[in-house]
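S.K.:
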Amino acid sequence: MPKSKAKGRISRRKFIEGTGVAVVAATAAPAIHAQSPPETAPGVPHTAIRVTVNGKAQRIEVEDRWSIAEMLRDHLGLTGTKIGCDRGECGACTVLLDGKPVYSCSNLAVWADGRTIQTVEGLARGDELDPLQHAFIEHDAPQCGFCTSGQLMSAKALLNSNAHPTREEVQAAMTGNICRCSNYNRYVEAVLAAAAMPAGKRSNSTAGRKRAKQGGLS
Amino acid sequence: MSETLKPLKTVGHPTPRIDALERVTGAGHYTGDVKLPGMLYARVLRSPHAHARIRKIDVSKAEALPGVKAVVTLENCNFVWGAGSVAGGIQYNDEIKKNTRQRRHAFNNPVRFVGDPVAAVAATDRHIAEDALHLIAVDYEVLPHVLEPEEALKPGAPQIWPEGNFALNPRNEQQPMGQKRGNVEEGFRASDHVFEDRYSTAFVHNAQMEPRACVAQWEGDKLTVYTPTGGIANCRHDIARDLGLPDDNVRVICQYMGGNFGNKNQNQDADLITASLAKLAGAPVKLELSRKEDFIGMHGRWPTVQYYKVGVSNDGTLKAIQLRGFSGMGGYRKNSGAIGGIECYQCPNIETVITPVYTNKTVSGNFRGPEYPQGYFGIQSMMDDVAYKMKMDPVDFVLKNMTRKANDSAEYTNYTLEECIRRGAEAFEWKKRWRQSPGSDPGPVKRGAGFAFMSFRSGVGHSNAILRVDSKGRYFVHVGVTDVGAGAKTTMGLIAAEALEVPLSQIEVVWGDTGRCPFSVGESGSRTTIMTGHAVIEAAQDLKKQIAEKGLPKGSDFLTASAGPTPRIQGGKVRNTFGAHFVEVEVDTELGRAHVTKYLCVHDCGRVMNPLTGISQIKGGAIMGIGMALHEDLVYDRASGAPLSAGYYGARISTHRDVPDVEVMFIESDDGYGPYGAKSMGESSKVPAVAAVGNAVFNAIGRRMKDLPITKDKIIGALA
Amino acid sequence: MKAFTNANPRDLPHALTLIQQAQSSGRHASIAGGGSDLLGMIKERIVEPDVLINLRALKGLDQVAAEKSGLKIGGLTTLDALSRHQTIRRQYTVLAEAAESVATPQIRNVGTIAGNVCQRPWCWYFRNGFPCYKAGGNQCFSINGENQFHAIFGGGPSFIVHPSDTAPALVALDAKFHIAGPKGDRRLSPVDFFVLPRQNAARENSLANDEVLASIEIPSPRAGTRSTYHKVMDREAWTHAVVSAAIVLEMDKDVCRSARIVLGGVAPVPWRVPDAERVLAGQRITPELAAKAGEVAVAEAKPLAKNAYKVPLTKAVVRRTILQLVQRG
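Residue numbers (our numbering), protein chains in the order written: chain A, 10 to 227; chain S, 125 to 844; chain H, 846 to 1174.
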């Protein structure tokens, strides 16, 4: 039985401890990511840029026409950022560019030269999920999950600048992120819950264990 | 009345999704994330004309572009896309494919709508593929087009198929859909009042967040297809049949999928096109559709025109209902085009005649509760209107006239509709919020309340599951589900844990891969929990028995149990789920803005397997319904037949700011037929939503909005 | 996307040089501010640049200078920065509110004031590749087509509506538009900057192909000035204005000394309604007077087949926005 090759550094055990979720495994099909270096097409204008992605400084040769989303997904293997419309209409591709949420489909990679990008893959710190990720899990914020990375990044930017937003502020900050499953209520609840977590306990898995006991989950 | 259900150990408790970690860390692999060594990228050239005959396609310049590895057109990719022309509301099968005269191919000539595929290119990168499309020269003979179903049936209308625009059924007959009971003419004669009206509903797109993508890879004559589908088993069989391969030579994988809502159970033309390109190029190919292509190339809900005639007696008892309906199918009849809802009323005389009509718009098909949200909007707006005209409270009118037996003949397996309505009305404070005199609020900003009710199929049927246990007591649940977003993987895990009497932590679910999973009906028709759930329970019982007899296996051995039950409902009964939605809207009559201020859903879905995900399902359907009622549309230019508002911006899909807090109340009952009492859920929450919003708008402004969506031009126009 | 070269200018003169160089060698240059909308049009092949001049590379053009005489806003100031700028929120409220009403946070974080003022129409015929006036063709498909979102004022031969939210606000604030070009700078009043289709059917403003909207100046408001922007959308976010009103009132206690009323979403340019402004000037504003201003504002409206609803809608927006502003105090 091939085991899930969850990318990143978060072990399932940590996830489970952190959220109070029962230890259920979901077994994915074999890994389907070919590792290939970024490749620009011959004869197409390209540029070497320096960009810090999830804390890691990179030098990458990009075609001038590549969007940030394209660079991340196809050439840096960061497929957590989704492309839902490629026209700045849906928000699935939202990443933080120098800390601010932007549509990575509507910004060229060359424009990110010298700047920092944070994607969903950069939300967790080592083994610890971001409080927003905890809250998203507990409040069933993702349904199909395709818009989730974008919702998370918009929420992250909001909480970075406004630690205790009102419901209306959450809706306003996330209004550029469409959810066709229409789980909007859950997303807002989850962001408010993350904001309400006491600072000290936000990324602490003890809270999760306690909740698990109270909830009586196996 | 429902009784209190006995609590279970695992099922019925709010449980986060078993794959929630992947969903919040970006680690879930959706089809578009698949990248294979040497993979090419594909793009599709689509017809810019609503109706045209292709005289000639010259692909030589595209083929000559460096980086282009394969180009396909009707000439070298002439597969019948069976599921694209099912010609009815039934599951596509071999018999239908053989019979159907009006067949859809992967590429068609003539092309019948703006967006009909004409050619496709695979190249070393997506930009080259896209550049190559612009080098393909197509010589079109533009034909006259027709966009509206009623116009398409008029004499002299452009003919989209040689047999005419009345779409054939699987037996190649021009047969309207419908039902007949009693004699409506006699019913109208016996009525004290007869009311007539016309309602219409718009094409709304499924618009699931993940745009269509497909990756195809050949190894000899074996094909692996990564594609977004909620029905891997159906999809595999469809692909195999269309390409002329044995089922065993095709493997369909869908690990994560960005929403379904009804347009992803069967295979798609994209699968056939991608497989053809991969074969020709001798390399794996990934096809990606743009959002606009997804809007016009994949299907959405069929638009309808509905003419009602309703007869009632002085005391408000229904005597006769007649519906003459027309559904716009687009250029191909992918699904039924039915218009549902009349069966929700108890009435001795009923006649419905529904004509599925070809038009040169984008193709229509199943979308969350296929024939109901639009049909319910029509009939429940009509009946709401009749109630007011009879000076009755719409809730009282419904309680008097709603269905209490399926089709007024067969019994339901259990019946909680009245309880849903009564408890909802109480919790919503209907009497307080509903305006006896519609539109009576002073000033330009008016509130009002509306409601609609729902009964939706919840049948049982065949599905499979395989369970295995290893020496460490780990249980592997192999099910052919994808989890389109509703939480099927988690539900299957919960059911298995309950049935095996082990903690959920010992369960590992294996899903979304025909190479490793048995048949499942697929996530459409709200059937997975019931049908695949039963199979899981049966396999679990077998496995438990084996363990009791033999103990846990030793070393590297497994014990395996497989089940494929086909349960049946006894005694000719009908199994349905019930619900009622109560809505308060605020309408700014001067700005034409309608906004939902309170929304309550009451649903009996049997036992709720996982309240955490279940509530999300109900909320989602209601909010989608609000969007369909108030915003969504695909506007066409009449002169050219081109769509103008494809995409999230154009179709005005709801945003965070558009939605109210939706309250959800479950009435849990157990009729003995569901796995642990479960009934269907996913689709049912959208079914009454549109009508409920429309009825609330009427109550607020005193004008009946008969054409969807209820946009500001219509609100302002109605009050001018 | 068709291949193009991204060019990062060092400063404004260098940007102008790069544009000129491209054009003199027969290459099509597009100028990107925030670039969101431009990239969308490039993907749709409505624009096919060979060179993209990335103004984001410029330094210093994204600053707001608030002085006694007024504001100077660099063309590259983001909509987000404008909407959060304290002085603008306080003294030039209409502009902050207009900026905040644009699209979504993600777009406002990169979208610039110059880009918003100069964005191409969102008419669905233009955006879907119809060969209309705006695409260099010679017809307007909306006239006999789907014109529910089109112009009720100033239309012909094209009936697009100007898509910008900040433009009506800027006109209401009597802004001046600073244009940098190879032949020197120009400073234009709104009336000279925005052009009607009958003046130039292919364009919405008087910028030449080789010019850049470098900055915008707004005179300091007189004491007693208050302003607001009211945008009507057909969902609650991320649409362009169906109708909007940017209104600036100069009040002396409860008497209106002067008013500027500029409408969005109804005309091919931000549409000032001087007759309605005169209704208010020198008067105590009552509900009746506001209603009269609304009536007068739409007196000249010439709706098309499907946009007549915009007439009562505009009337109501003008009336209510005036009253709201008076009550705001």
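No residue lacks a Cβ here, since even glycine has one placed at the ideal position from N, Cα and C.
Based on the DSSP secondary-structure assignment, which residues constitute the bridge partners of K803/S?
M.R.: Bridge partners of K803/S: none, in fact.
S.K.: First and last residue of the alpha helix (DSSP H) that includes S888/H?
M.R.: The displayed chain sequence assigns Lys, not Ser, to residue 888/H. S881 to K888 is the span of the alpha helix (DSSP H), which, as asked, contains K888/H.
S.K.: If you compare alpha carbons, which of E334/S, K278/S and A261/S is closest to H269/S?
M.R.: It is K278/S whose Cα lies nearest to the Cα of H269/S.
S.K.: Using the rule of at least 16 other Cβ atoms within 10 Å of the residue's Cβ for burial, across every protein chain shown, is H258/S buried or exposed?
M.R.: By the neighbour-count rule (16 or more Cβ atoms within 10 Å), H258/S is not buried but exposed.
S.K.: Comparing C-alpha positions only, which one of T1159/H, A911/H, I876/H and A852/H sits nearest to E1062/H?
M.R.: When each option's Cα is compared against that of E1062/H, the closest is A911/H.
S.K.: Does the distance from the CB of V242/S to the CB of R167/S come in under 8 Å?
M.R.: Result no, Cβ atoms of V242/S and R167/S do not sit closer than 8 Å.
S.K.: For V1156/H, does the three-state DSSP call read helix, strand or coil?
M.R.: Of the three classes helix, strand and coil, the one that applies to V1156/H here is helix, per DSSP.
S.K.: Beta-carbon of P140/A versus every beta-carbon of chain S: anything under 8 Å?
M.R.: For P140/A, the answer is no, since every Cβ of chain S falls outside 8 Å of its Cβ.
S.K.: D508/S by DSSP, collapsed to three states: which one?
M.R.: Reduced to three states, the DSSP call for D508/S is helix.
S.K.: For R134/A, does the count of other Cβ atoms within 10 angstroms reach 16, so buried, or fall short, so exposed?
M.R.: That one is exposed.
S.K.: Can you tell me the Cα-Cα spacing of D1120/H and R1071/H, whole angstroms?
M.R.: Near 20 Å, if we compare the C-alpha coordinates of R1071/H and D1120/H.
S.K.: Going by the beta-carbon positions, is the gap between S809/S and G745/S smaller than 8 Å?
M.R.: A contact, by the Cβ cut-off of 8 Å.
S.K.: Please report the distance separating the alpha-carbon of D255/S from that of Q931/H.
M.R.: Spanning the two alpha carbons is a distance of roughly 47 Å.
S.K.: Run through chain H and tell me which residues come within less than 8 Å of R776/S, C-beta to C-beta.
M.R.: In chain order: D1079, R1080 and T1084.
S.K.: Name the residue from K836/S, N233/S, N293/S and V135/S whose alpha carbon lies nearest to the alpha carbon of R225/S.
M.R.: That would be N293/S, whose Cα lies nearest to the Cα of R225/S.
S.K.: Just to confirm the assignment: which complete beta strand (DSSP E) runs, minimum length 3, are found wholly within the stretch 736 to 806 of chain S?
M.R.: Qualifying beta strand (DSSP E) stretches, in chain order: 786 to 790.
S.K.: Please confirm whether A770/S and D757/S have their CB atoms less than 8 Å apart.
M.R.: Taking 8 Å as the Cβ cut-off, A770/S and D757/S do not qualify as a contacting pair.
S.K.: Using the Cα positions of V30/A and V436/S, report the straight-line distance between them to the nearest angstrom.
M.R.: Reliability fails at V30/A, whose pLDDT of 43 lies under 50, so the model's placement of it is uncertain and the value that follows must be treated cautiously. Between V30/A and V436/S, the C-alpha separation is close to 55 Å.
S.K.: Tell me, to the nearest whole angstrom, how far the beta carbon of A1136/H is from that of C1101/H; I am working on the premise that it is less than 8 Å.
M.R.: A1136/H to C1101/H, Cβ: 15 Å. No contact.
S.K.: In angstroms with no decimal places, state the Cα-to-Cα distance between C471/S and I445/S.
M.R.: Answer to the nearest angstrom: the Cα atoms are 7 Å apart.
S.K.: Buried or exposed: E1122/H, going by 16 or more other Cβ atoms within 10 Å of its Cβ?
M.R.: Result: buried.
S.K.: Let's see if you can read the secondary structure: which residues bound the beta strand (DSSP E) around D182/S?
M.R.: From DSSP, the beta strand (DSSP E) with D182/S extends over A176 to D182.
S.K.: Specify, as a first and last residue, the run of the alpha helix (DSSP H) that K838/S falls within.
M.R.: That run of the alpha helix (DSSP H) goes K836 to L843.
S.K.: Between the Cα of R313/S and the Cα atoms of Y350/S, V349/S, L442/S and T149/S, which residue gives the shortest distance?
M.R.: For the residues Y350/S, V349/S, L442/S and T149/S, the minimum Cα distance to R313/S belongs to L442/S.
S.K.: Would you call the stretch 1032 to 1039 of chain H and the stretch 1008 to 1021 of chain H touching, i.e. three or more CB-CB distances under 8 Å?
M.R.: Contact between the stretch 1032 to 1039 of chain H and the stretch 1008 to 1021 of chain H is present, because at least three Cβ pairs lie under 8 Å.
S.K.: Quick check: the Cα distance between G302/S and F521/S, rounded to an integer number of angstroms?
M.R.: Rounded to the nearest angstrom, the two C-alpha atoms are 25 Å apart.
S.K.: So D122/A contacts chain S; which residues on that side make the cut at Cβ distance below 7 Å?
M.R.: Going along chain S, no residue has its Cβ under 7 Å from D122/A, so there is no contact; the nearest lies around 20 Å.
S.K.: Nearest-angstrom Cα distance between K133/S and A621/S?
M.R.: Distance between the alpha carbons of K133/S and A621/S: 9 Å.
S.K.: Using a C-beta to C-beta distance shorter than 8 Å, which residues of chain S count as neighbours of G990/H?
M.R.: Result: D761, R762 and A763.
S.K.: I need the DSSP call for F975/H, collapsed to helix, strand or coil.
M.R.: Of the three classes helix, strand and coil, the one that applies to F975/H here is coil, per DSSP.
S.K.: Looking only at DSSP bridge pairs, what is Y112/A linked to?
M.R.: According to DSSP, which records beta bridges pairwise, Y112/A is partnered with T103/A.
S.K.: Which residue wins for smallest C-alpha separation from E550/S, given the options L169/S, M789/S and P480/S?
M.R.: The residue with the shortest Cα to Cα distance from E550/S is M789/S.
S.K.: For the putative contact between S648/S and N490/S, defined by C-beta atoms under 8 Å, what is the C-beta separation to the nearest angstrom?
M.R.: Indeed, because the Cβ distance is near 7 Å, the residues count as touching under 8 Å.
S.K.: Report yes or no: is there a C-beta of chain H within less than 8 Å of the C-beta of D782/S?
M.R.: Yes, D782/S lies at the interface with chain H (some Cβ there is under 8 Å from its Cβ).
S.K.: Is F312/S helix, strand or coil when you go by DSSP?
M.R.: The answer is helix: DSSP assigns F312/S an H, G or I state.
S.K.: Would you say Y599/S and V605/S are within 8 Å of each other, going by their C-beta atoms?
M.R.: Cβ atoms of Y599/S and V605/S: not closer than 8 Å.
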